[in-house]
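Asker:
There are 2 protein chains.
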Amino acid sequence: MVQPSGASSWNGWGDPARRPGLSEHVREFLDQRFHGLLVPPPPPVALEEVRLAPSALSAEVRQRIAAIATVSEEREARVAHARGKSYRDLVRIRSGDASGAPDSVVSVTRPSQVEELLALCTEERLAVVPFGGGTSVVGGVEPLRGEFAALIALDLTGMDRLVNLDIVSHTATLQPGLRGPQAEALLAARGYTLGHFPQSYELATIGGYAATRSAGQASTGYGRSDELVVGLTVATPSGTLQLGRAPRSAAGPDLRQLMLGSEGAFGVITDVTMAVRPTPPHKRYEGWFFPSFSSGLEALRRLEQHKLAPEVSRLSDEDETVGNLALSGHGGGLSGAYLKARRVKAMAIFGWEGEQELVSARRKLGLKIVRAAGGVSVGTSAGQAWESGRFAAPYLRDDLLDAGVLVETLETAASWAKLPQVRDGVREAVTSALGASSGVLIGCHVSHLYPAGASLYFTVLAPAALRDPLGQWDAAKRAATDAIVASGATITHHHAVGADHMPWLAAEIGELGVDVLRAVKQRLDPAGILNPGKLLP
Amino acid sequence: MVQPSGASSWNGWGDPARRPGLSEHVREFLDQRFHGLLVPPPPPVALEEVRLAPSALSAEVRQRIAAIATVSEEREARVAHARGKSYRDLVRIRSGDASGAPDSVVSVTRPSQVEELLALCTEERLAVVPFGGGTSVVGGVEPLRGEFAALIALDLTGMDRLVNLDIVSHTATLQPGLRGPQAEALLAARGYTLGHFPQSYELATIGGYAATRSAGQASTGYGRSDELVVGLTVATPSGTLQLGRAPRSAAGPDLRQLMLGSEGAFGVITDVTMAVRPTPPHKRYEGWFFPSFSSGLEALRRLEQHKLAPEVSRLSDEDETVGNLALSGHGGGLSGAYLKARRVKAMAIFGWEGEQELVSARRKLGLKIVRAAGGVSVGTSAGQAWESGRFAAPYLRDDLLDAGVLVETLETAASWAKLPQVRDGVREAVTSALGASSGVLIGCHVSHLYPAGASLYFTVLAPAALRDPLGQWDAAKRAATDAIVASGATITHHHAVGADHMPWLAAEIGELGVDVLRAVKQRLDPAGILNPGKLLP
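Order-wise, the sequence lines are chains A and B. For the first sequence, our numbering puts the final residue at 538, and the numbers step up evenly by one. For the second sequence, our numbering puts the final residue at 538, and the numbers step up evenly by one.
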C-alpha cells in the first residue's frame, strides 16, 4: 500500500502495518452483538483502480505555481489529498471514489510561499484547500470546487519547524505542518510538552489543531488547543494577520478567537504560538469503575467544579464499557466476577500529571469525591493499558470496516444540567435511524470537563448496509445532529464544522451569526477561493 | 451633591460621603515628594453651573422614544451620563465642561425595549451610547455624536435581574444593568459568587464587564470576566445574537469572543450567562515582602506556571510599595525597621480562597516557591487591610484632585519574558513626559497572572498642571502607550479601547484586523449609530 509523505495510508489510518487485525474474541463479540448480520464488503480497490479525472490545471498555471512551490500531480498524492478520515471518506475511497480530487498538490515550506500562492490563486480563481494531517472527520478537506475550474490542495506538512521556544514565558512558536509527534519530539528535547493528544495525534498537525479547535485526551488538565494559543499568524488573500501581543487583552474583540476554528476558510495559519509546560515529572494513570454512568458523571462534575479533576478525566457509559472491554480483550478479566460483585458498570480513566507533591495532594482530595460517588479502583494497569492503546482506535476501525461494520463517532458538549438528556436524545435518534434490531451499539463517554459542562463522545457500531452505506450513516448522523440541536447542545465540541455540520451552523449561531462570519470571509477572501463549501453555508 | 440613580456622584466617585479626606501624614508625604509644587485647582463647579446645551431631540422623536422607554432630560441625568471616570473625565466635569452631553437619558428594563429603541434610532439616525456603571476610564461612554444630529445615553441599570441560576452547571444568567454588589448579593443569597471584583466593582455593571473584558482583583484564581462568560445575548440593529450552547465548542470561530470587548459598538448586551462558584468557605489574605520587584515577579511567575498561584496575586514594585504604605498610613509601621532589617522592598498580597483542605495544600506548596524567592511574611493583617480597602482608591483620587495632584492609572499585559522591559519603557516615557523634576511617582503592580505572562498596572501621581491639566496627562499617556506598543505589549489588559486607545488599535491588531472589525460593524450596525467614535478608528 502506498504511503504518501510517509504519513498515512491513502485509504485508511496511518501505517497499515500497525493494524491489529480482529482477534477471535472480537469476532465472537461482533457476531453475538450483530446476530450474524455482518457481511464483509468488497475489498478496497488498489490505488491504480481509483477513478481519477485528469488534472484540470493548464500547463501555464501549473508553471506559475511551480515557480513558487513544489507541485505534484502524481496519482498517489492527488488521491491521498482527496479525502479526510471520516467513515464517509473511507467508504468512498475504498470503493475507488476520489471524485473531485485536487488537480494538484502544492507543498510549501515557508510563509512567503503561502502568501504568494494565495495571491496567484485569487488572480487565477483557483480553489485552495489547506491540508495538514488530513484527519478531518467532518469533510473539512473535501475538495469542493463549486464554481471554480480547478482546485489545489495546499500541503503544509513541509512547514515543520519549531520557530521559537520561550522558556521564561513557557510558550512555543510552531509552524503549522508539524504533526503531533514531531512537535512533541522537538519540545521534549528541550524539556517541554504541549500536552495535546487528540486521537488523531499521530497524523494531525499544529495548524489543524488551531483551524478546528481540537481537544486532546488530556485537555481537561492542559486546556484545549484553542485555549493554549496565545498568538498566531494567518496569511489571507487580503494580507497577513499577526495576532496576540499578550496572553490576554481588552483591546476590543479577540480576533485570535475569530481565526481559531476558521477551518481554512478565512486564511492559512502560518504559525501558532502556544503555551507549553515542562514535561510532567510524575504521571499516574488509573482505572476506576462506578455503579452507573450517572454516578460517575456526578463524580466528574464535582471533581471539575472543585478544581480537582485529573488531567485526563474520562468516563464511559455502561454500553461503551462493555464494548471497550470486549474489543480490548479484557472482557474475561475485568467484566467478570470482580465488577459484578462490586456492582459497578461504568469505567473511568483518571490520568494525573505534574509534580509529585501537587499530584498527590490533588489526588488525595479528588479521590474522596470519587469514592463518595461509589467509585471502585481497578488499579494502574487499566490506566496504563488505556494510555498505551490510546491512539489505536483508528487502526482498529480499518479492520472493522473490512469485516462489514459501520463504525463512526460523533460528539457534542453541553451544560452539566443538560448532559443526561442530550445523551438520551442522541442514543434514541441513532438507534431509531439505524434500526434497533440490527444490534447497533452506541457507546458514549465524557472526556473534556469544564466547570459549566462537558463533552459527550459517541461511538456507533452497526452492521454496514452493503448497498448504501453512506445513506445509512447520513441518516443516523442527521438524526443525531437534529437531536443535539433540539436538546440545546453544540453541534460539535472538537470536530469542527467542515461540510458535514454546515447545514446546522445557523441553528448553532443564528442566521445573523452566519452573516457575521460571511462578512469576515468577504473581507479576507473576497474571491472565495479558500476551502469553499466548508464552514459557511 | 446630586446622586443620579443613587449610584455615583456626577463629578467624582460613588457616594461622596465615603471620601476619606487627606490625612496629615498623606499631606506630608505629598509635600515631601512634590517639593511643595502642589497648587489646589479651583473647586469643582456646582451642578447648576455646568455648561449644558439644550437637548437637540425634537418633541416628536422624544415622544416616539417615550412610547418605548423612560426618557429623562433632567440636568442631573444628562450631566451624569456625559462622562466616564478617567482623569480627563473628572478634570473636565469638575470645571463644568459637559460638552456633548447626551440629549436624553433613556432607561430600559426589558430586552424588547432595547430592540425597539435600536430600530427607532437607526430609522431616526440617533447615536446611542450604551451606559451601565459609567466607569470607563478610556472614554468608552464619551458622547461623541460625530455626524449625528442627536445622541442618547441608553441607561441599562434598570435591567437588574438574576434571570436564572443553574446550580448543577454553576452558571448564572444575569441582566446587564446589575452592578457588582447587586449581582453578588443576589448570588450570595443562593450560596454563590462570581468572584469578580474589579476596582470599579461598586458601580460597574455585568454588561460593562462583558463589553470591556474587565478583570477583577481575584481574576488570577476565578478567571477574567470574559473567561467566565459561557453565553450572551446581544441586541443589534440587524437583529439579536444568542450565543453559547456549550462551555466550549468547535463550531467555527467563537462569536462570543467577537462580542466580548465590542464596547457597545456592535450591539447592546441584554444578558450574560457566567460561571459562578460556591461562596468560598475559606479565605486567607496575607501580606508578603520580597527583596525586590524582580525577585517577587519571579515568584509570581513560578507560582502561576506551577498552578499554585493564589486567587489574588498582587505584587507592587518598590515605588508603589513606598507610595502605598505612605498613603495608607502604614508608613511608620511596615516601612520602618522591620522591612529594612529584612532588606525587603516590594510588597505582595496573596489571597487564597476555596475549601480549606485544598487551600492548605496549595498554600503549603506555593509558599515554598515564595520563600525560595526571598519572600518574608508580614502576616494576615496586611492582607486584611488590603482587602477591606480594596475599593477605596477611586474615593481617595477625588481628594487628591482637590489637592492639585494629577492621579491616573494605565495598564498593559505582556509575556513574562517581556515584562521587565515593558515596565522600564513605560516608566521612562511617563517620567520624561511629565518631567522628572516634578517628583512624579510611578507605582507599578502585577495583578493578573497567566502561564504565559501577566498584566502591569501603573499609577501615576504628579503635581497637576494648573493651566493645561488635560494636555499634561495626554502627553504622558501618549508617551506611555507608544512605549507599550514599542515593547510588544498589548495597549490594554482590562480597560478596553474606548476613544482614548483607538489611535493605537491598528498597532495592536494591524490595519487588516481593524478592517475585519469594521466589516462586522457594518453588518450589525450599518447606520453606525452604536457608540460612535469608540473602538474603531
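Here a beta-carbon is modelled for each residue, glycine too, at the ideal position from N, C-alpha and C. As the structure is a prediction and not an experimental result, all values here were calculated from the model.
Residues of chain B with a CB under 7 Å from the CB of A:ALA310: which are they?
Answerer: Numbered from 1 along the first sequence, position 309 holds the residue referred to as residue 310 of chain A. Near A:ALA310 there are no residues of chain B at all, since even the closest Cβ is about 12 Å away, more than 7 Å.
Asker: So with Cβ pairs under 7 Å, would you call B:PRO17 a contact of chain A?
Answerer: Indexing the second sequence from 1 puts residue 17 of chain B at position 16. Not one chain A Cβ lies under 7 Å of B:PRO17.
Asker: Assuming B:LEU457 is part of the beta strand (DSSP E), what are its boundary residues?
Answerer: Here residue 457 of chain B refers to the residue found at position 456 of the second sequence. Counting along the chain, the beta strand (DSSP E) containing B:LEU457 begins and ends at 454 to 464.
Asker: Given that a residue counts as buried once 16 or more other Cβ atoms are within 10 Å of its Cβ, and exposed if not, what is B:ALA68?
Answerer: Locating residue 68 of chain B in the second sequence gives position 67, counting from the first residue. Per the 10 Å Cβ criterion, exposed.
Asker: How about B:GLY15 and B:GLU185: do their beta carbons lie closer than 7 Å?
Answerer: Residue mapping note: residue 15 of chain B aligns to position 14 of the second sequence, counting from 1. Residue mapping note: residue 185 of chain B aligns to position 184 of the second sequence, counting from 1. No; because the gap between Cβ atoms is not below 7 Å, this pair is not in contact.
Asker: Starting from B:LEU442, follow the beta strand (DSSP E) in both directions and report where the run begins and ends.
Answerer: The sequence position of residue 442 of chain B within the second sequence is 441, counting from 1. B:LEU442 -> beta strand (DSSP E) spans 442 to 447.
Asker: Confirm, please, whether the CB-CB distance from A:ALA404 to A:PRO41 is below 7 Å.
Answerer: Your numbering for residue 41 of chain A matches position 40 in the first sequence. Your numbering for residue 404 of chain A matches position 403 in the first sequence. In contact: A:PRO41 and A:ALA404 (Cβ atoms closer than 7 Å).
Asker: Using only the alpha-carbon positions, how far apart do A:ARG343 and A:VAL371 sit?
Answerer: Locating residue 343 of chain A in the first sequence gives position 342, counting from the first residue. Locating residue 371 of chain A in the first sequence gives position 370, counting from the first residue. Cα-Cα distance, rounded: 15 Å.
Asker: Does any C-beta atom of chain A lie closer than 7 Å to the C-beta of B:ILE492?
Answerer: If you number the second sequence from 1, residue 492 of chain B lands on position 491. Yes - at least one Cβ of chain A is within 7 Å of the one on B:ILE492.
Asker: Between the C-alpha atoms of A:PHE198 and A:GLY181, what's the straight-line distance to the nearest angstrom?
Answerer: Within the first sequence, residue 198 of chain A is the residue found at index 197, counting from 1. Within the first sequence, residue 181 of chain A is the residue found at index 180, counting from 1. A:PHE198 and A:GLY181 have their C-alpha atoms spaced approximately 8 Å apart.
Asker: Can you tell which of B:GLU388, B:THR460 and B:SER220 has the C-alpha that lies nearest to the C-alpha of B:HIS449?
Answerer: In the second sequence, residue 449 of chain B corresponds to position 448, counting from 1. The residue with the shortest Cα to Cα distance from B:HIS449 is B:SER220.
Asker: Identify, in the order they occur along the chain, each residue of the same chain with its Cβ nearer than 7 Å to the Cβ of B:ALA58, setting aside the five sequence neighbours on each side.
Answerer: Residue 58 of chain B sits at position 57 when you count from the first residue of the second sequence. The question names Ala, yet the displayed sequence has Leu at residue 58 of chain B. Excluding five sequence positions before and after B:LEU58, the CB atoms of its chain that fall closer than 7 Å to its own CB belong to ASP104, SER105 and ALA151, given in chain order.
Asker: Tell me which residues of the segment 221 to 251 of chain B have at least one Cβ-Cβ distance to chain A shorter than 7 Å, keeping chain order.
Answerer: Among the residues of the segment 221 to 251 of chain B, those with a Cβ less than 7 Å away from any Cβ of chain A are ARG225, VAL231, SER239, GLY240, LEU242, GLN243, LEU244, ARG246, ALA247, PRO248, ARG249, SER250 and ALA251, in the order of the chain.
Asker: Taking just the CA atoms, how far does B:GLY240 sit from B:ALA60?
Answerer: Position 59 of the second sequence, counted from the start, is the residue given in the question as residue 60 of chain B. Position 239 of the second sequence, counted from the start, is the residue given in the question as residue 240 of chain B. Using only the alpha carbons, I get a separation of about 28 Å.
Asker: Would you list, in sequence order, the uninterrupted alpha helix (DSSP H) runs of no fewer than 4 residues that lie entirely inside the segment 460 to 523 of chain B?
Answerer: 470 to 487
Asker: Looking at chain A, which residues of the segment 344 to 358 of chain B have a Cβ within less than 8 Å of any of its Cβ atoms?
Answerer: GLY355, GLU356 and GLU358
Asker: Could you tell me which chain B residues have their CB closer than 8 Å to the CB of A:PRO504, listed as they occur along the chain?
Answerer: Working through the first sequence from its first residue, we reach residue 504 of chain A at position 503. In chain order: nothing, as chain B lies at least about 12 Å away.
Asker: Applying a beta-carbon distance threshold of less than 8 Å, which residues of chain A neighbour B:GLY514?
Answerer: As a working mapping, residue 514 of chain B is identified with position 513 in the second sequence. Neighbours of B:GLY514 on chain A, chain order: LEU242, LEU244 and LEU256.
Asker: Hey, is the segment 369 to 388 of chain B in contact with the segment 298 to 305 of chain B, meaning 3+ C-beta pairs nearer than 8 Å?
Answerer: The segment 369 to 388 of chain B vs the segment 298 to 305 of chain B: in contact.
Asker: List the DSSP bridge partners of B:ALA57.
Answerer: Along the second sequence, one-based indexing puts residue 57 of chain B at 56. For B:ALA57, which the question treats as bridged, DSSP gives no partner whatsoever.
Asker: Could you give the C-beta distance for B:LEU242 and A:GLY511, rounded to a whole number, given that I count them as a contact under 8 Å?
Answerer: Position 241 of the second sequence, counted from the first residue, corresponds to residue 242 of chain B. Position 510 of the first sequence, counted from the first residue, corresponds to residue 511 of chain A. Their Cβ separation, rounded to whole angstroms, is 6 Å, which keeps B:LEU242 and A:GLY511 in contact under 8 Å.
Asker: Count the other C-beta atoms from every protein chain shown that fall within 10 angstroms of the C-beta of A:GLY7, then say buried if there are 16 or more, exposed otherwise.
Answerer: By one-based count along the first sequence, residue 7 of chain A stands at place 6. The predicted model places A:GLY7 with a pLDDT of 44, which falls under 50 and marks its position as unreliable, so this point remains unresolved.
Asker: In chain order, what residues of the same chain have a beta carbon less than 6 Å from the beta carbon of A:ALA54, not counting five sequence neighbours either side?
Answerer: Start at 1 with the first residue of the first sequence, and residue 54 of chain A comes out as number 53. So no residue of the chain qualifies.
Asker: With DSSP collapsed to three states, give me the class of B:LEU195.
Answerer: Residue numbering aside, residue 195 of chain B sits at position 194 when the second sequence is read from its first letter. It is coil, neither helix nor strand.
Asker: With C-beta atoms as the reference, is A:THR174 less than 7 Å away from A:VAL231?
Answerer: Locating residue 174 of chain A in the first sequence gives position 173, counting from the first residue. Locating residue 231 of chain A in the first sequence gives position 230, counting from the first residue. No, these two residues do not count as a Cβ contact at 7 Å.
Asker: Should A:GLN357 be labelled buried (16 or more other beta-carbon atoms within 10 Å of its own) or exposed?
Answerer: Counting from one through the first sequence, the residue named residue 357 of chain A turns up at place 356. Around the beta carbon of A:GLN357, a 10 Å sphere encloses fewer than 16 other beta carbons of the protein chains shown; the residue is thus reported as exposed.
Asker: Give the straight-line distance between the Cα atoms of B:ARG424 and B:ASP90, rounded to the nearest whole angstrom.
Answerer: The count along the second sequence starts at 1 and reaches residue 424 of chain B at position 423. The count along the second sequence starts at 1 and reaches residue 90 of chain B at position 89. Each residue's Cα considered, the two are about 26 Å apart.
Asker: Which residues of chain A have a Cβ atom closer than 8 Å to the Cβ of B:VAL169, listed in chain order?
Answerer: Locating residue 169 of chain B in the second sequence gives position 168, where the first residue counts as 1. Chain A residues near B:VAL169: ARG302, SER416, TRP417 and ALA418.
Asker: In the DSSP output, what is B:THR381 paired with across the bridge?
Answerer: Your numbering for residue 381 of chain B matches position 380 in the second sequence. None, per the DSSP bridge assignment.
Asker: Under the DSSP definition of a beta bridge, which residues are partnered with A:GLU354?
Answerer: Stepping through the first sequence from its first residue, residue 354 of chain A is reached at position 353. Per DSSP, A:LYS284.
Asker: By how many angstroms is the C-alpha of B:ALA236 removed from the C-alpha of A:ALA507?
Answerer: Numbered from its first residue, the first sequence carries residue 507 of chain A at position 506. Numbered from its first residue, the second sequence carries residue 236 of chain B at position 235. Whole-angstrom Cα-Cα distance: 17 Å.
Asker: Tell me which same chain residues have a C-beta within less than 7 Å of the C-beta of B:GLU321, skipping the five on either side of it?
Answerer: By 1-based counting over the second sequence, the position of residue 321 of chain B is 320. Around B:GLU321: GLY444, CYS445, HIS446 and THR460.
Asker: Since A:ALA154 is in the alpha helix (DSSP H), which residue starts that stretch and which ends it?
Answerer: As a first step, residue 154 of chain A must be located in the first sequence, where it is residue number 153. Unbroken run through A:ALA154 is the beta strand (DSSP E), 152 to 156; no alpha helix (DSSP H).
Asker: At 3 residues or longer, and completely inside the segment 200 to 288 of chain B: list those beta strand (DSSP E) runs for me, N to C.
Answerer: Within the segment 200 to 288 of chain B, complete beta strand (DSSP E) segments of at least 3 residues are found at 230 to 237, 240 to 244 and 269 to 276, given in chain order.
Asker: Does the beta-carbon of A:TYR88 have 16 or more other beta-carbons within 10 angstroms, so that it is buried, or is it exposed?
Answerer: Counting from one through the first sequence, the residue named residue 88 of chain A turns up at place 87. Label assigned to A:TYR88: buried.
Asker: Given a cut-off of 7 Å on the beta-carbon distance, is the pair A:PRO238 and A:LEU119 in contact?
Answerer: Taking the first residue of the first sequence as position 1, residue 238 of chain A is located at position 237. Taking the first residue of the first sequence as position 1, residue 119 of chain A is located at position 118. The answer is yes: Cβ separation under 7 Å.
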